[in-house]
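> Note that the protein sequences, when read in sequence, are chains Z and G.
Taking this note's numbering, the leading residue of the first sequence gets 25, the next gets one more, and so forth.
Taking this note's numbering, the leading residue of the second sequence gets 3, the next gets one more, and so forth.
From the three backbone atoms N, C-alpha and C, an ideal C-beta is built for every residue, glycine too.
Every value quoted in this text rests on a predicted model; they were computed, and no experiment measured them.
Okay, handing you the structure first.
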Amino acid sequence: MSAEASAINMAARASIWLKPHRIVLILIALALVLCAAFFMRWDWLPQYWEMGLMGIWRALWILAVTCALGFALAVPLGLAQAGGPIWFSAPAKVFCTIIRGTPLLLQLWLLYYGLGSIFPQYPWIRESWLWPYLRQAWPYGVVALTLSFAGYEGEVMRGAFAGVPRGQLEAARAFGMSRWKIFRRIWLPQAFYRALPTLTGETVLQLKSTPLVATISVIDIFAVSSKVRQDTYLTYEPLLLLALIYMTITGILVFAFSRIEARIPVKIG
Amino acid sequence: MELLSPVAPGWGGTLLVGLLHSIEIAIGATCLGLMIGTAGAFGKLYGGPVTRDLLAIYTTVVRAVPELVLILLLYYAGTDLINQVLTAMGYQRVDISGLAAGIFVLGFVQGAYSTEVIRGAILAIPQGQIEAARAYGMSPGLMLRRVTVPAMLPFALPGLANLWLIATKDTALLAVVGFFELTLATRQAAGVTKAYLIFYLAAGALYLALSLFSNLVIGRVEAWSRRGMPSVKEAR
Chain Z
25 MSAEASAINM AARASIWLKP HRIVLILIAL ALVLCAAFFM RWDWLPQYWE
75 MGLMGIWRAL WILAVTCALG FALAVPLGLA QAGGPIWFSA PAKVFCTIIR
125 GTPLLLQLWL LYYGLGSIFP QYPWIRESWL WPYLRQAWPY GVVALTLSFA
175 GYEGEVMRGA FAGVPRGQLE AARAFGMSRW KIFRRIWLPQ AFYRALPTLT
225 GETVLQLKST PLVATISVID IFAVSSKVRQ DTYLTYEPLL LLALIYMTIT
275 GILVFAFSRI EARIPVKIG
Chain G
3 MELLSPVAPG WGGTLLVGLL HSIEIAIGAT CLGLMIGTAG AFGKLYGGPV
53 TRDLLAIYTT VVRAVPELVL ILLLYYAGTD LINQVLTAMG YQRVDISGLA
103 AGIFVLGFVQ GAYSTEVIRG AILAIPQGQI EAARAYGMSP GLMLRRVTVP
153 AMLPFALPGL ANLWLIATKD TALLAVVGFF ELTLATRQAA GVTKAYLIFY
203 LAAGALYLAL SLFSNLVIGR VEAWSRRGMP SVKEAR
């Protein structure tokens with residue numbers, strides 16, 4: 025597309041967006057932001073700035089790791105439920121039901137307080153190389169969030185695997201592909217394309233679950249804001265900033281996923 | 003095992019009271035959310051441009067910010083606001099009960115999600131049905147009661163059922179602000195007796211039982227709302 029045409033396109037889009045009432049709303053929003061900037065207390069920001077960045081980084085890191093591991097676990101879970109024999113599909117189904125039927129906060133506390141109180145009773149665990157990790161809080165958070173993501177996404181992948189037309193798989197077999205090759209080249213990619221729109225939603229949900237790890241003393245951005253609130257006795261300022269940070273991350277995530285989705289052919293199956 | 007017995011030395015009774023509080027809040031929040039959601043969906047579909055934009059901001063913001071943050075914000079902001087209004091009007095400050103605050107906060111969050119669910123369900127109704135109702139000269143209220151709600155129910159119920167399950171699990175988040183529900187009851191019982199694993203497993207079983215029981219009821223209600231419609235299996 026030429027630069028001229030894209031400029032016209034932009035202008036048309038802007039005119040759809042900027043109607044009179046929207047301009048008024050934007051002005052009101054700006055006024056609110058300015059009020060917040062001037063009349064609320066922000067003098068604590070320089071002091072906690074670095075800690076906040078550290079917290080954001082940690083939250084994003086937990087999000088990335090748990091989503092990747094959770095998805096890797098969700099593929100076999102979905103596959104087992106979609107086309108596995110009963111002794112694979114039944115445990116997978118039970119796992120998904122349990123994860124989806126109980127609150128994440130309870131799972132987290134079950135792992136951290138429950139298992140965390142059991143482990144020290146066994147000397148061989150305390151002597152193993154895992155012990156330095158098991159004494160910290162973040163592995164429990166990562167495990168709980170990973171299992172939760174796997175449970176929800178496993179159900180999605182079940183539908184995605186089942187939704188791939190039989191003809192595709194039969195055609196692949198007619199080509200003489202091995203079972204592993206069929207899975208790798210046909211079944212998994214097509215199921216993944218099907219699951220991609222829901223993957224966006226699940227990732228945003230996962231982002232919104234990450235602050236729960238603050239309740240088991242992992243210092244993510246939520247824990248930083250709690251610390252600011254305790255130190256300065258301010259109620260609203262840290263929370264409002266925290267909400268803004270999460271909204272920004274959500275916006276970036278949704279935008280990134282929409283770019284990935286746009287690169288994938290619409291017509292499948 | 004004696005730890006879980008419902009009478010005095012055991013903590014089973016405490017857990018059950020916690021479960022009852024959780025269910026109360028979930029029911030209250032879902033009802034409030036349904037009211038907000040219905041109003042919000044109609045505002046989004048038939049409202050003026052300002053109403054639509056404001057509702058879009060509401061649903062976007064609530065769905066983009068973690069529930070935990072919203073709960074803290076609304077919990078403090080809500081109780082603060084009520085007390086300021088009361089003192090401005092010359093009344094005494096009141097302590098907002100945890101139950102009311104929890105229902106309000108979770109209902110506000112649920113409202114955003116159910117707005118989207120109900121909006122989608124109304125859009126899925128064949129347009130001719132609503133036009134026909136208008137052509138009969140039905141008032142908006144009558145149309146809502148006789149045509150829109152019954153026709154949208156089969157489309158809305160799966161989403162709303164999902165929201166109910168989310169509501170039952172979101173009540174656990176209120177433990178963080180110190181409201182006594184199942185998760186906090188569990189934490190207290192476990193903290194006192196040091197039998198962490200047993201109590202968390204028991205609480206998990208209670209939540210799971212609630213979810214499974216809800217699924218059973220939801221299946222019945224969905225079948226009822228779809229009565230007279232062709233089955234999906236036959237349509238294929």
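1. Take E118(G) and list the residues in its own chain whose beta-carbon comes closer than 7 Å to its own, dropping the five residues that flank it on each side.
2. Mind pulling the chain Z residues with CB within less than 9 Å of S227(G)?
3. I'd like to know whether the C-beta atoms of W204(Z) and L193(Z) end up nearer to each other than 8 Å.
4. So does the region 141-152 of chain Z actually touch the region 92-108 of chain Z, counting three or more Cβ pairs closer than 8 Å?
5. Y270(Z) versus chain G: which residues are under 8 Å apart at the beta carbon?
6. Grab me the residues of T16(G)'s own chain with a C-beta within less than 8 Å of its C-beta, minus the 5 sequence neighbours each way, in chain order.
7. Would you identify the three-state DSSP class for M3(Z), choosing helix, strand or coil?
8. Tell me, please, whether the CB atom of G187(Z) is closer than 8 Å to any CB atom in chain G?
9. Leaving aside the five residues before and after P235(Z) along the sequence, list all residues of the same chain whose C-beta is less than 6 Å from its C-beta, in chain order.
10. DSSP on D55(G), reduced to helix/strand/coil?
11. Considering W162(Z), what are the terminal residues of the alpha helix (DSSP H) in which it resides?
12. Can you have a look at H23(G) and say buried or exposed, based on whether 16 or more other CB atoms are within 10 angstroms of its CB?
13. To the nearest angstrom, how far is it from the Cα of K33(Z) to the Cα of L42(Z)?
14. When DSSP labels each residue in this structure, what does V67(G) get in the three-state scheme?
15. Go through its chain and collect everything with a Cβ distance to V223(G)'s Cβ below 6 Å, but skip five positions before and after it.
16. What does the alpha-carbon distance come out to for the pair R229(G) and N217(G)?
17. Under the three-state reduction of DSSP, which class applies to W155(Z): helix, strand or coil?
18. Which class does M78(Z) belong to by DSSP, given the choice of helix, strand or coil?
19. Report yes if the CB atom of F281(Z) is closer than 8 Å to the CB atom of T222(Z), and no otherwise.
20. Below 8 Å, how does it come out for the region 168-182 of chain G and the region 133-153 of chain G: are there three or more Cβ pairs, yes or no?
21. So what's R238(G) in DSSP terms, helix, strand or just coil?
22. DSSP three-state call for L157(G): helix, strand or coil?
23. Considering only the alpha carbon of each residue, which of F215(G), E69(G), P156(G) lies closest to A126(G)?
24. I'd like to know whether the C-beta atoms of A240(G) and P127(Z) end up nearer to each other than 8 Å.
25. Mind checking which residues open and close the alpha helix (DSSP H) that includes K196(G)?
26. Residues in the region 32-63 of chain G with C-beta within 9 Å of chain Z's C-beta atoms, listed in sequence order?
27. Here's the rule I'm using: 16 or more other beta-carbon atoms within 10 Å means buried, otherwise exposed. How should I120(G) be labelled?
28. Put I288(Z) into one of helix, strand or coil per three-state DSSP.
29. Determine the chain G residues that contact K232(Z) at a beta-carbon separation under 7 Å, and present them in chain order.
30. By the DSSP assignment, the alpha helix (DSSP H) with F112(Z) in it spans what residues?
31. Select from F207(Z), A106(Z), Y176(Z), W133(Z) the residue whose C-alpha is nearest the C-alpha of G206(G).
32. Taking the Cβ atom as the reference point for each residue, do L220(Z) and I273(Z) lie within a distance shorter than 8 Å?
33. For G293(Z), would you say it is in contact with chain G, using Cβ-to-Cβ distances shorter than 8 Å as the test?
34. Three Cβ pairs or more, each shorter than 8 Å: is that satisfied between the region 104-114 of chain G and the region 30-48 of chain G?
35. Run the CB neighbour count on I105(G), radius 10 Å, all protein chains shown included, and call it buried at 16 or more, exposed below.
36. Helix, strand or coil for I52(Z), going by three-state DSSP, please let me know.
Reading off the structure:
1. Here the question's residue 118(G) lines up with position 116 in the second sequence. Same-chain partners within the cutoff: T61.
2. For the purposes of this step, residue 227(G) is identified with residue 225 of the second sequence, where counting begins at 1. Simply none; closest approach about 22 Å.
3. Numbered from its first residue, the first sequence carries residue 204(Z) at position 180. Numbered from its first residue, the first sequence carries residue 193(Z) at position 169. No, the pair does not count as a contact, with Cβ atoms beyond the cut-off.
4. Fewer than three pairs of CB atoms, one per stretch, sit closer than 8 Å, so the region 141-152 of chain Z makes no contact with the region 92-108 of chain Z.
5. Position 246 of the first sequence, counted from the first residue, corresponds to residue 270(Z). Listed along the chain, the chain G residues whose CB falls inside 8 Å of the CB of Y270(Z) are A66, V67, P68, V71.
6. As a working note, residue 16(G) is residue 14 in the second sequence. For T16(G), where only same-chain residues beyond five positions count, the Cβ hits under 8 Å are A187, Q190, A191.
7. This structure cannot speak to residue 3(Z), because chain Z is shown only from 25 to 293.
8. Here residue 187(Z) is taken as the residue at index 163 of the first sequence, counted from 1. Not a single CB atom of chain G sits nearer than 8 Å to the CB of G187(Z).
9. Here residue 235(Z) is taken as the residue at index 211 of the first sequence, counted from 1. Closer than 6 Å at Cβ, skipping near neighbours: F246.
10. Locating residue 55(G) in the second sequence gives position 53, where the first residue counts as 1. In this structure, D55(G) counts as helix in the three-state DSSP scheme.
11. Taking the first sequence and counting its residues from 1, one reaches residue 162(Z) at position 138. Segment 162-187, the alpha helix (DSSP H) holding W162(Z).
12. As a working mapping, residue 23(G) is identified with position 21 in the second sequence. Burial call: buried.
13. Counted from its first residue, the first sequence places residue 33(Z) at position 9. Counted from its first residue, the first sequence places residue 42(Z) at position 18. As written in the sequence, residue 33(Z) is Asn, which differs from the Lys given in the question. Computed Cα separation, rounded: 14 Å.
14. Locating residue 67(G) in the second sequence gives position 65, where the first residue counts as 1. Three-state result, V67(G): coil.
15. Within the second sequence, the letter at position 221 stands for residue 223(G). The beta carbon of V223(G) sits closer than 6 Å to no other beta carbon from its chain once the five residues preceding and following it are set aside.
16. To locate residue 229(G), count along the second sequence from 1; it is residue 227. To locate residue 217(G), count along the second sequence from 1; it is residue 215. If you take the alpha carbons of R229(G) and N217(G), they lie about 18 Å apart.
17. In the first sequence, counting from the first residue as 1, residue 155(Z) sits at position 131. Looking at W155(Z) - three-state DSSP - the assignment turns out to be helix.
18. Against the first sequence, residue 78(Z) aligns to sequence position 54. In the structure shown, M78(Z) falls within a helical segment according to DSSP collapsed to helix, strand and coil.
19. Numbered from its first residue, the first sequence carries residue 281(Z) at position 257. Numbered from its first residue, the first sequence carries residue 222(Z) at position 198. Contact: no.
20. By the C-beta criterion, the region 168-182 of chain G is judged not to be in contact with the region 133-153 of chain G, since fewer than 3 inter-stretch pairs fall below 8 Å.
21. Counting from 1 along the second sequence, the entry for residue 238(G) is found at position 236. In this predicted model, R238(G) has a pLDDT of only 38, less than 50, meaning its place in the structure is not dependable; the value taken from the coordinates is given anyway. The answer is coil: DSSP assigns R238(G) none of H, G, I, E or B.
22. Start at 1 with the first residue of the second sequence, and residue 157(G) comes out as number 155. Reading off the sequence shown, one finds Phe at residue 157(G), where the question assumed Leu. DSSP places F157(G) in the helix class (H, G or I) of the three-state scheme.
23. Within the second sequence, the letter at position 124 stands for residue 126(G). A126(G) has its Cα closest to that of P156(G), out of F215(G), E69(G), P156(G).
24. Residue coverage of chain G in this structure runs from 3 to 238, which leaves residue 240(G) outside it and unanswerable.
25. Translated into the one-based positions of the second sequence, residue 196(G) becomes position 194. DSSP places K196(G) in no alpha helix (DSSP H); its state is neither H nor E.
26. For the region 32-63 of chain G, the residues whose beta carbon sits under 9 Å from a beta carbon of chain Z are, in order, G50, P51, V52, D55, L56, I59, T62, V63.
27. Numbered from its first residue, the second sequence carries residue 120(G) at position 118. I120(G) is classed as buried because its beta carbon has at least 16 other beta carbons within 10 Å across all chains shown.
28. In the first sequence, counting from the first residue as 1, residue 288(Z) sits at position 264. Coil, per DSSP.
29. For the purposes of this step, residue 232(Z) is taken as the residue at position 208 of the first sequence. Neighbours of K232(Z) on chain G, chain order: P68, E69.
30. Within the first sequence, numbered from 1, the residue matching residue 112(Z) stands at position 88. Where F112(Z) is concerned, the enclosing alpha helix (DSSP H) stretches over 110-125.
31. In the second sequence, residue 206(G) corresponds to position 204, counting from 1. Its Cα nearest to that of G206(G), the residue W133(Z) stands out among F207(Z), A106(Z), Y176(Z), W133(Z).
32. Sequence index remark: in the first sequence, residue 220(Z) carries index 196 (1-based). Sequence index remark: in the first sequence, residue 273(Z) carries index 249 (1-based). With respect to the 8 Å criterion, L220(Z) and I273(Z) are not classified as neighbours on the basis of their beta carbons.
33. As a working note, residue 293(Z) is residue 269 in the first sequence. Because the pLDDT of G293(Z) is 45, which lies under 50, any placement of that residue in the model is unreliable, and the number read from its coordinates should be weighed accordingly. Contacts with chain G at 8 Å (Cβ-Cβ) do not include G293(Z).
34. With a cut-off of 8 Å, the region 30-48 of chain G and the region 104-114 of chain G count as touching, because enough Cβ pairs lie within range.
35. The residue you call residue 105(G) lines up with position 103 of the second sequence. So I105(G) ends up on the buried side.
36. Start at 1 with the first residue of the first sequence, and residue 52(Z) comes out as number 28. Three-state result, I52(Z): helix.
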